[in-house]
Structure formats: C-alpha cells, structure tokens
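Per the numbering used here, the very first residue in the sequence shown carries number 11; after that it's consecutive.
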Amino acid sequence: MGRNRRRVGAALLGVVMTVSALMGCGAGSDKEASLKADEFENVVFPLIDEYDPGMSVAHFISAPKETDAELEDGIVRPTEYEASFLMAVDGTEASFALGDSNGEYGRVSLYGIRAVEGNECFTFRSFNGGVEDDSYKLEIPLEGENFGIYNVSIAVKDDKARVTVNDKDLGEIDVPKFPLACVGTYKSRGTDTAGIDDIKVTSEGQEVFSESFDGVFVNKLHGYDYANYHGSAFDPMYYKYSYDSKGKSMIITSGFLLSETDKDPARVFKREIDIEKNKVDSAYLYMTALGSYDIELNGQRVSDNFFDPGKMVFDKYLNYVSYNVTDMLEDTNEMNIYLFHGFFDRGVGYPEVAAPWGDTLAVKGELVVNYKDGSKEIIPTDESFSVSRGSRYRFDDIYQGEFVDDRRDINTANDWSNPVVDAVDDKFLSAQIRHKENESIAEWDSFEYVNVSETDGGHFVYDFGQNIAGTIEIDMSKLTGLEDGQVITFRYGEILNDDKMFWRYHDGEDASVWTKGLLSAKSTDYYVCSADKADSQVCFSHTYHGFRYVEVIGLDQEIPVDAIRAIAISSDVEQTGEFSCSDEIINKLYKNSIYSLRANMMDNPTDCAQRDERLGWAGDAQAVSGFAMYAYDTEAFYRNYLKELRTQQGGDGSINDVAPTNNPFGGHSCWGDSITQITWNAYLQYGDQTIIADNIDAAENWVYYLMDRSEDFLLTTEGYGDHLSGQSTPESLTDTAWAAHSARLVARMHEVREDEQLAEIFDGYADEFTKKWQETFIRQDPSVAAGILIADVESETAYALGIAFDLFPEDMKKDAAERLNMLSEYGANLFYPGYSGMAQYLPALAQNGYGNTAVRVLTNTAPGGIAHPLSMGLTTNPEDMGVFRYQDREGNDYPNGAYEVTGSLNHAAYSSVLAFCYSDILGIKPDEKAAGYKHFFVAPTVTESLESAEGSLQTRNGLIKVSWNSTSKEISVTVPENSTCTLMLPGGETKELTGGEHKLNW
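If you want it as structure tokens, here you go:
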C-alpha cells in the first residue's frame, strides 16, 4: 500500500517536514531540479517563537491588483452589445453566461430559463468573486406554449438589459456593468442537463462571439495561441456536446462552462539572499499563507507536501509550517515562493453556497539562519521581494483543475514588480499565528495504469486499477511528436460510461469517463507543451481529483506505462493497524475502506473525494473516527479537527455541520455530536487527558444546546436524521438517542478529570434523555415477536442505537438484541442503517451473541448489501448502499439489468463499519479506566462464518497482536510489556494476561 512514513513532528515541539523531491509533484519549479539535501525525518527543531514570536518582523506580501492590460490586435471588450441564443430546457433550469476577464471568479451575469412544470420563467442572477450576488435576482413568468425550446435575445447597455424570449418582450432589467470578456453557460448543482445552440454576440454591428457548433465560429473576446486545431469558440476549454436532427449543440452541465479568459496564474515572489555558508550552523524556514504555496531554494524544492499550510479557520488563526533548509543554502541564494489558491478561496463549496475566506492571496514567513558564533539572521517576507505573474501555473482550483503552460518560465518573465505589503483584511493581520500541529498532505501511494483503451472519438482512457484522491504525473520526455503550444487535456472519473448504464444517465460515449456525479466540479487539467521543455516533468499538484480513470484528449499516441502514474495523496498519518481474515469479501471491503478513509483525510476529515464538496462534514467525521484511530495514528489529525469545531462553535453551543467554513451552519444531532464522540474516541485510543481538557467546555456547551432545543428532553434538531438510510427512522428517535449519548460521554470525561460533581450532573442529563427515549419509543407490551419499540419506529438503526447507547432498560437488552437480529434476517441481511447508526449496527449484533448475523451482513454482495459495491468493481466505498439503482422512481426495473449511479463512489462514512474488524472480529477494545491501552480487552467474535482472523494495533504502549483459528480453536495474543489484557475466550472463560506473547486454546 505504498510508503508509510513516520508521523512527523510533535504536538508541542513543532512539525518537521521531510526535505525531498518527488519528480516534480508538490513543487513550484519552472526548471528541473534534483534535491541533494539530507532528509531531516523525525528531527525536532525550534518553533518560530524562539526567534520571533508571532512572526512580528514578517509581513504579508501579495501581488498588485491587475490593471486593464492593453488588448491584443482584434480583441474587444464591449460594454454595449446584443446577444442571442437558442436553449432547450425541460424539467430544470439553465443559464446563458456573460462574464468579465476573471471568468467564474469575476463578475458573471446569468440569463436563465426555468422550465419546470408549474414554474416556467425567465431568470436573472449574477455572481461576483465566485459568490452569488443577491442584489441581482429576478424571475419573470413565461406565458404560452414554449415546448421546451427558448429563443432568447438580450440587448445590454451599461447597467440595463432588454430581454426577449420567443419573440415576447420581457422589458428592461437591471444588470451589473462590466466589459464583456467571456461567454458560456451555467446550471445549478444537479445531474439534469440542458442544451444550447446558435450563440451570437454583436457589438457596434460586428460579431464578437458566435458559435453554432458546426465548425464556423467567431471569438474576438480572447486570443487563441495554441497549436491544436481551433475548432470552436470555446477552445481549448473542454465541453460536452450532443447531436440531433439539426446537428451539433452544447450540453449544459452543472457549474460554469466559459470560453477562455485571461488566466489567473500563480504569482511568484523572488528574493536573492547572501550569507556565508561555512559559518552557518542551522537554517529553518517558517511559512504561512492566505492560500497555499510551493517554495524553491536555489532551484530545489523545499518540500514534497501538497497544499501547505492547509486548511484552517483563517480569520481566527493561521498555521505555519516549518522546514529545515540547512543543507540547501549556498553563499548566494535565490528563494522563489509560488502562491496558489489552496483552500482559502477555492474548494469552499459549490457556487450557490461558496464561502471563500477572502479575495486576496498572500504569503508570510521567515527564513532564520543560525550562525556558529551564536548569532542569528532573520530574512522575512517584505518589500524586498519582487513578484511576477509569469509562472507556468496559469490556473489552479481544487474543484475545477489546473492549467499548466510550459511555454511560460519565470526565468524569462519581464513583468517583475514590487509586491503589496500587508494589503489584507485586518482580521488576517490580527489572527494568531500557530505552528501546524497536524500532518501535512503528502503522497502515500502511487499506481501505474493496468489498462488503456480508446474511445470511438479517439480519446485514450487509462485505468489505474484503484479509485483514489490525488493527481497524475507525466514524464513528457517519453512522449514523441509533440508540438510547441499543443494542448493536452486530462479528464478524471471514478467509473466509465458503459452499455450496462441506463442510457438516460450516460454522459458521454461508451468507455469515456463518467463525470455526471462530479456535479459542478469540472475536474479537468490542461497542459500546454513547450518545444524548449520536451523533458519536462508535469504534475498537477495544486488541485486534486477523485478518480480511477483518466481520459486524455489531444494526443494521438498512448502514453507509455512508465511515463505516467497516479499519485494518491492524503494527510501523512502513520499506519498503526493491520487486519486480514479467511473471508476475501471482508478483506476486500477492508481495503476499500482504507482507500476511502485515506482519500478523505485532506488536512481534516472530508465527506467525498471527487465532487464539488470535499468539506469537513462533522457527521462523516465522527462516524469514521473509530475506524481511523484503529488503522492510523490520527491523534494530531483529529486534535486539529476538534480545534476547528470548537473555534467555530456558536454562542448558543451549537456545533457546525462543517468545519472549517466561512459560512457557519449546523447544530444538528449526530453531526454536532462529533465534539463529544471524537474527543472520547481519541482519549480511549491515545490515553492523553489533554484531549479532554481541550474540548470539555465545548462538549458541555453542546449538551446544554441540546437540552435547550429539546422539549422535555425529547429532541429534534431538524437536521439529517439517519442520513441515507435504507429505512425510515424518526429523527426524534435518533436525535434523542445521540443527545443521551453525548451527555453520558461528557459525564465520563468528568470522571476522568475526577470531577464527580459534574460527572453526576451530566449523568443526570443523560438519564433524562434516556428516560424520555424509553417513554416515547418503547412499547407498553414489548416482546421479541411483536417488537420492543413501537411499530412506526422499528429499524436496525433504532435498535442499534438503543443497544450501543444503553437506552434500553437492563431487563430488555437481551430481547432488544434478539429483535435486532430478527429484523436483520427479515431484511435479508442488507445494510439499512444510515449515518446515525452505521457504526453501531454490527457491534450491537456481535456483542450480544449474533456474530454470525453480523458477518453475514458484512459479506452480503446483493444489491443493498454493504459488499455489493465489490460486485460492481468498486475499489472504494460509495456514499450510500443505494448508489447503484436498478429501478426507476416508480419502482420499475430497468431493462436487461441496467442501472444508474446516484451518488459519490468514494465516501468516507461507510468505512466506519470496518472498525468492527478490530473491535469485534479481533475483539480489541480499550479500557476507559486505563485509556491508551494500558489495560485493554480482547473478546473476539468467533463464528461459523469465519475460519480465522489476524491483525495488529500499534498503541502508545506498544504493539498488540491477535490471531485466532476456529478450526484448531487456538488464539494468540501479544500484549505490550507495559500493558495488561483481559482475554475473553469464545467458550466464555476469562484470562488475565501480562506483557508478552500468549497462545491458548478454548
């Protein structure tokens, strides 16, 4: 599974970054460089506070705002013009887009048609800086029979536009004024599509843009300087098209598709630094940013990390990352800092909800040189740097992709100028600067392609055999016949269009990548070849994609297998757990869960790896945290996430559904309970009481919030309930259950802190929620046959939560478990629980004598079974168990076993279920009275369904190993020297074990 590097740094001592090069990835180099510096793995060095607390000497430096550049000959930017287009819309809304030179992140006007039954209208909206501008919103009803075809004309003059639809004058509307620089389409998030044709824009009687998708076009808004055949006004940007009886037309898909505009290149900050190398003892570089950065020192890459300094609550604190650059220094040095968007104003939500942290990218840092005589020198970011927009990195966006043009080179750039100093919002100037305590994002695995095919349209499609979150790297020296200015386009997808997919849900020709599930994320990279850099290494390292397949457009040759690789990236956590068993379905599901987990560890826990979210959803995070802490050392990772949650906690005690976010929302059960569940899980695994101390106030306030929201301790937070469940469980049942659980966890935290008074108080709150849950949902005449819970709340989730959270009275627990087993069998062992109950379901069965049923559920490959994705060839876990749908919305089977795909194919949440492999199949459980595995339990689930299992867990106290074989009735347990273990044998006998290896029979 690739390299597993040691966790770097220490929570209280600073973070050490490995100084190494990775074939061009994670780098800002415009020239080749092979790093010769030593690696400083696991060496702790000083924090910046020892030299310059808060980086007081340094300044934020940013690029000057662009002024209107002189236009090329023949290029126009009109403010008065007439536009027309023909749009086909049915059952959705789509828009014609007119924008300025900044494209979708500038000012864009959207002239739309909503063609939904009972709501047919013309719409106008506008975006500015990537955010919807609510001051421009208009709807005008359309009358008459339009039959889904709309001929629209627009006459724009300054801040007014006159609109005509199907020859009906809708009058004059208010619009923002700007010079027109691009044309295109927009559709809100979703999988429905529309079509557009016959686009024409004229100004002063001259066509400035026209496209009928027949090979004849005009685009005077932007020049075309590429070697590829110029066949459309939208070239070189990729778009989808369809054919009808009238010919070719553009398909309008989710998000923006705009003609090419002025690029938004990564700015480069440069400074020369003179020192006397032979007098240097050590040198450290400390850097933070509003955005992300790559740094070169003397042409060598300082780090192979991705997206440093990562995600954070930018308006509250800024993390800096530390690098040891001692061996990289010369007498005369050149430092180049490339500044990218990172997670500051990209990857912050799809367009309607996007919440960028600001509109100015900036970098701040210090190079500290320590001399052998005890003196030191601090070289800060300030006005002594110069800045250029001439880098090869012309565009970068977490969701949309990256544009790399190797014809650009900072060594020949002629636009160097002075940077702007501290020209950022005051909130960033006053934000606390802290060292980054959690692991950076880095490569953790890589893949060669296992198959290449060619579509009928001549596109090569590469199958890398594994769905990942990451990017690709290409060695251009191994490709031949490339032209200067040739554009190569790379599209990414999790699956391919094929003949088994119901035709209506295809989004391209057979064997092409299926991208409808990406929603508004385009996930498309572009590379422009240079005759002077035929040996270039290309890595799109300032974006990332969720993909198994890459479709390449613009090459007439296959890329050799040794010239391209897929790079899996993730927070650079250390592997601590291993598991395997005699059932290959479970082993494959475990592997899928590992890859889904790692794909969604991007500086904090995310929901998915591919579409226009990839956000720190708290419900997903708390569910999967148990599995993550078994499989990897995630203490620093989750400490960081908990910091994000509590930093943005509402004044009423609510916890955000997403963290970090510049658009706070939330307060919903199961999601907000992350502040209690993750804290408790981390304490049990790592045994450090400071985890509790850091989060106890936030956890208490969360419980107070739940109490305030409840009605006499019956709670409904109007959130997500048992999200994506295959059954219906009332939200009041799940929310009240989670409230009782959170209150109980806070009581346990106070017990750890030896505060018996507060422990008793929060136990009392938990008792009240529990009592209300019992009064509301348990039958007056409970029985296994008729049900323990009232009829309209019975579900696997309801029983799993009741058992796991000790909500059933003691005398009902056995019957409740039997009833849960019965429901599982009646449900054909399909996996019905959603996000509220998925992690609790299998342990609730196995720990109450129904291990066989739990294993049958875990290995069920039928549609709706948790292992069904394996039968569909998936190598990661999907968003829900119904992601492959074999029926239409009326319940009719699709013909010939066809299917549609309804969600993400790489989601973290269902990885949570595989914690069962450690906690139950192996039976390794921490003891809350001696957390951190100072004492632990081993109680394996040995069933007739499994012959054997083995695994290990590296803990703070040492290595735990467990293996058992049901045929020989033998179990082996390795206990760390400083730990003790209580072993519960399958036959019921209990053994107390001390440090060492123990082999026993039952």
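We put the beta carbon where it would ideally sit given N, CA and C, even for glycine.
Computed from a predicted model, the values in this text were never measured in an experiment.
**Q.** Alpha-carbon to alpha-carbon, D62 and I347
**A.** 21 angstroms
**Q.** the segment 605-616 contacting the segment 575-586, beta-carbon criterion three pairs below 8 angstroms
**A.** Touching, per the Cβ criterion.
Q. Curious, which full-length alpha helix (DSSP H) runs of at least 4 residues does the segment 413-466 contain?
A. 436-439
Q) Which residues in the same chain have their Cβ closer than 7 angstroms to the Cβ of L371, if we skip the five residues on either side of it in sequence? A) S72, L300, G301, L349, H351 and F354
Q) Is S752 helix, strand or coil when you go by DSSP? A) helix
Q) With burial defined as no fewer than 16 other Cβ atoms inside 10 Å of the residue's Cβ, what is the status of Q695: buried or exposed? A) buried
Q) Can you tell me whether Y693 is buried or exposed, with buried defined as 16 or more other CB within 10 angstroms of its CB? A) So Y693 counts as buried.
Q.
Here's the rule: buried if 16 or more other CB atoms are within 10 angstroms of the residue's CB, otherwise exposed. What is H917?
A. Around the beta carbon of H917, 16 or more other beta carbons sit within 10 angstroms, so the residue counts as buried.
Q. Near M994, which residues of its chain fall below 6 angstroms by C-beta distance, leaving aside the five closest residues on each side in sequence?
A. A949 and T1000
**Q.** Exposure of S834, with buried meaning 16 or more beta-carbon neighbours within 10 Å
**A.** buried
Q) To the nearest angstrom, how far is it from the Cα of G320 to the Cα of Q790? A) 54 angstroms
Q: With DSSP collapsed to three states, give me the class of D224.
A: The three-state secondary structure of D224, taken from DSSP, is coil.
(Q) Under 8 angstroms: do the segment 616-629 and the segment 931-938 share three or more Cβ pairs, one atom per stretch? (A) No: the two stretches stay apart, fewer than three of their Cβ pairs being nearer than 8 angstroms.
Q) Would you report the Cα separation of E149 and I164, rounded to the nearest angstrom? A) 15 angstroms
Q. In the DSSP assignment, what residue or residues form a beta bridge with N666?
A. In the DSSP output, where bridge partners are listed per residue, N666 has G676.
Q | Assumed close pair Y842, P873 - CB separation to whole angstroms, cut-off 8 angstroms | A | That belief does not hold up - the Cβ atoms of Y842 and P873 are roughly 13 angstroms apart, past 8 angstroms.
Q. Looking at L180 and L295, is the spacing between their C-beta atoms short of 7 angstroms?
A. no
Q: Out of K230, T686 and G205, state which residue places its alpha-carbon closest to the alpha-carbon of A191.
A: Its Cα nearest to that of A191, the residue K230 stands out among K230, T686 and G205.
Q: Please state whether DSSP places I788 in a helix, a strand or coil.
A: strand
Q.
When you compare the CB positions of A864 and A633, do they come within less than 7 angstroms of one another, or not?
A. It is not a contact, given that the beta carbons lie outside the stated cut-off.
Q) Fully enclosed by the segment 979-1011, which alpha helix (DSSP H) runs are 4 residues long or longer? A) Qualifying alpha helix (DSSP H) stretches: none in this window.
Q: Within the same chain, show all residues whose beta-carbon is closer than 8 angstroms to that of P429, passing over the 5 residues directly before and after it, in chain order.
A: I71, S72, A73, P74, F279, E393, F395, S396 and V397
Q.
Give me, in chain order, the residues of the same chain whose beta-carbon lies closer than 6 angstroms to that of I563; leave out the 5 immediate sequence neighbours on both sides.
A. H469 and T499
**Q.** Length at least 3, wholly inside the segment 470-517: the beta strand (DSSP E) runs in chain order
**A.** 470-485 and 497-503
(Q) Spatial neighbours of T174 within its chain, please: C-beta separation below 6 angstroms, excluding the five flanking residues on both sides. (A) S163
Q. Rounded to the nearest angstrom, how far is the Cβ of D325 from that of A441, given a contact under 8 angstroms?
A. 6 angstroms
(Q) Spatial neighbours of L1003 within its chain, please: C-beta separation below 7 angstroms, excluding the five flanking residues on both sides. (A) Around L1003, the same chain offers V983, V985, T990, C991 and L993 as residues with beta carbons nearer than 7 angstroms, after the five sequence neighbours per side are excluded.
Q: Could you please give the first and the last residue of the uninterrupted beta strand (DSSP E) stretch that includes L295?
A: Its beta strand (DSSP E) spans residues V290 to L300.
Q: Measure from the alpha carbon of I706 to the alpha carbon of each residue in P570, T746, E804 and D765, then state which is nearest.
A: D765
Q) Roughly how many angstroms lie between the CA atoms of Y472 and S664, to the nearest whole one? A) 46 angstroms
Q: Assign L439 to one of two classes, buried (16 or more other C-beta atoms within 10 Å of its C-beta) or exposed (fewer than that).
A: exposed
Q. At which residues does the beta strand (DSSP E) containing N975 begin and terminate?
A. G968 to N975
Q | Pairwise C-alpha distance: N975 and F946 | A | Inter-residue distance for F946 and N975 is about 21 angstroms (C-alpha atoms, whole angstroms).
Q.
So within the segment 787-850, which uninterrupted beta strand (DSSP E) runs reach at least 3 residues, ignoring any that extend past its ends?
A. 788-793 and 797-799
Q) Taking the Cβ atom as the reference point for each residue, do D202 and L96 lie within a distance shorter than 7 angstroms? A) no
Q. Nearest to S921 by alpha carbon, out of T951, D890 and R719?
A. D890
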